Amino acid sequence: MKLLLKKLVDQSREWSEYGNVASYIPELAKINPDDLGISLYDIKKNEIYCAGDSGIKFTIQSISKIITLMLALNENGEDEVFSKVGKEPTGDPFNSIIKLETYSKKKPFNPMINAGAIAITSLIKGKDNSEKFAKILNFFKKISGNNKLVVDNKVFKSEKETGDRNRSIAFFLKSLGVISGDVNDVLDLYFKQCSIMVSSKDIARVGAVLSNGGVAPWNGEEIISRHISKIINSFMVTCGLYDGSGRFAIQVGIPAKSGVGGGILCSVPGKYGIGVYGPALNRRGNSIAGIEVLKKLSQELDLSIF
Ligand code: GLN
0 MKLLLKKLVD
10 QSREWSEYGN
20 VASYIPELAK
30 INPDDLGISL
40 YDIKKNEIYC
50 AGDSGIKFTI
60 QSISKIITLM
70 LALNENGEDE
80 VFSKVGKEPT
90 GDPFNSIIKL
100 ETYSKKKPFN
110 PMINAGAIAI
120 TSLIKGKDNS
130 EKFAKILNFF
140 KKISGNNKLV
150 VDNKVFKSEK
160 ETGDRNRSIA
170 FFLKSLGVIS
180 GDVNDVLDLY
190 FKQCSIMVSS
200 KDIARVGAVL
210 SNGGVAPWNG
220 EEIISRHISK
230 IINSFMVTCG
240 LYDGSGRFAI
250 QVGIPAKSGV
260 GGGILCSVPG
270 KYGIGVYGPA
280 LNRRGNSIAG
290 IEVLKKLSQE
300 LDLSIF
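The sequence shown begins at 0 in numbering that gives the first Met the number 0 and counts up one residue at a time.
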């Protein structure tokens, strides 16, 4: 397996040339675009295989949206969560605002786009932001099997200073009554969850839990219910790569969630959790070489669920 992963990373690395690192968050513009790494957690063997730049730390960004969604579903239940956010793909970019005004239900289409994710973050309970963030981080530590996760403060500050697009989405959500309370507090929490640092190994382990019905394969602990893990896998298939989700379903065919930090988390039901890191992004904000390596891996191991 390790040799196969290394071969596929070597073959896909050149694809980084065709993408760009996310520069709308200035701190992310400093990242080396050529890095590419992969980790694959085999849930039957309880073994992790890695190749390339698999140990490099990067910010989780939008992959955190599945973490807060799991937590919100655990805490608030499905009815409350889906009264605020829908279940349908948009076909729009991740930071689009247009449907918030035109959709008759006056709520974000799904929890994977920024509007939906900001609404989900506002549902996390706690007496203040530090208690809420501690809850998010602790849950993340548990589901990734890594109790050393920390925030990249430079990226957090950088996004906080420049995140006017998300600010406008959040104020719009407040005007619709989707979020309540202090909008800037909600945004701070959202920017912070996006700035948690991980490696491809950490997200491979989260993928492994999702591929194993919510149970951590390394210790048998049920972290989320099977039902919630099905909800997350379904959103990853339909909306995980935004307006690139349909193409990814055809090319790779597994539940996945991307982030503009360059990560892609995948769960191959009953088999593997996979984490990929490649910060050069395509125009939809998804790792360009990361998709390439997953495409090849899916063909080699016949991973498509379709
Ligand atoms: N923090 C980023 C943002 O909200 C996350 C976007 C992403 O990873 N697609 O713009």
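Even for Gly, the Cβ is constructed at its ideal location relative to N, Cα and C.
Only a predicted model underlies this, so the values are computations on that prediction, with no experimental measurement involved.
Judged by DSSP secondary structure, Val275 falls within the beta strand (DSSP E) whose first and last residues are Tyr271 to Tyr276. In the structure shown, Met0 falls within a coil segment according to DSSP collapsed to helix, strand and coil. Among the bridge pairs identified by DSSP, Ser297 is matched with none. Comparing alpha carbon positions, the residue from Ser303, Tyr241 and Lys294 closest to Asn113 is Tyr241.
Short of 8 Å from the beta carbon of Ile123, and not among the five residues preceding or following it, lie these beta carbons of its own chain, in chain order: Thr67, Leu70, Ala71, Glu74, Lys131, Lys134, Ile135 and Leu188. Here Ile47 is not near Phe139, since their CB atoms are 8 Å or more apart. Runs of the alpha helix (DSSP H) spanning 4 or more residues and lying entirely within the stretch 210-260 occur at 225-238 and 244-250, in chain order.
Between the beta-carbon of Gly239 and that of Pro216 there is about 21 Å, and that puts the pair past the 8 Å contact cut. Beta bridge pairing from DSSP links Asp41 with Glu46 and Tyr271. Nearest C-alpha to Cys49 among Gln60, Thr58 and Gly36: Gly36. Val149 counts as exposed, since fewer than 16 other C-beta atoms from the protein chains shown sit within 10 angstroms of its C-beta.
In this structure, the beta-carbon distance from Gly272 to Gly219 does not fall below 8 Å.
The set of residues with a C-beta under 6 Å from any non-hydrogen atom of ligand 1 comprises Gln60, Ser61, Phe93, Asn94, Asn113, Glu158, Asn165, Cys193, Gly258, Val259 and Gly284, given in chain order.
Within its own chain, the residues whose Cβ lies closer than 7 Å to the Cβ of Lys141, once the five positions on either side in sequence are excluded, are Ile222, listed in chain order. A residue is called buried when at least 16 other Cβ atoms come within 10 angstroms of its Cβ; Thr101 does not meet this threshold and is exposed.
Ranked by Cα distance from Ser143, the first of Gly258, Val251 and Val214 is Val214. Relative to Lys1, the option among Lys147, Asp41 and Ser167 whose CA is nearest is Asp41. Boundaries for Gly144: no alpha helix (DSSP H) harbours it, and the DSSP string shows neither H nor E there.
Residue state for Met111 is assigned as coil, using DSSP reduced to three classes.
By the C-beta criterion, the stretch 94-111 is judged to be in contact with the stretch 174-182, since at least 3 inter-stretch pairs fall below 8 Å. From the listed residues Phe81, Lys64 and Ile231, the smallest Cα separation to Val208 is found for Ile231.
Ile62 and Gln250 have their C-alpha atoms roughly 20 Å apart. The beta carbon of Cys265 lies closer than 6 Å to those of Gly206, Ile253, Ala255 and Ile273 in the same chain, with the five residues before and after it left out.
The Cβ-Cβ distance between Ala203 and Trp14 does not fall below 8 Å. A Cβ-Cβ contact shorter than 8 Å links Ile96 with Ile168. Leu280 and Glu26 have their C-alpha atoms spaced approximately 15 Å apart. Between Gly258 and Ile59, the C-beta spacing is below 8 Å.
Non-local beta-carbon contacts of Thr237 in its own chain, meaning distances under 7 Å to residues more than five positions away in sequence, involve Pro88 and Ser244 in chain order.
Excluding sequence positions up to five before and after Arg164, its CB lies within less than 6 Å of the CB of Asn94, all in the same chain and listed in chain order. DSSP places Gly76 inside the alpha helix (DSSP H), whose first and last residues are Ser63 to Lys83. Within a 10 Å sphere around the beta-carbon of Glu160 sit fewer than 16 other beta-carbons, which makes this residue exposed. Each of Ser210, Ser303 and Pro278 was checked against the Cα of Ser22, and the nearest Cα belongs to Pro278. In this model, Asp33 and Ile290 are separated by some 14 Å (Cα to Cα).
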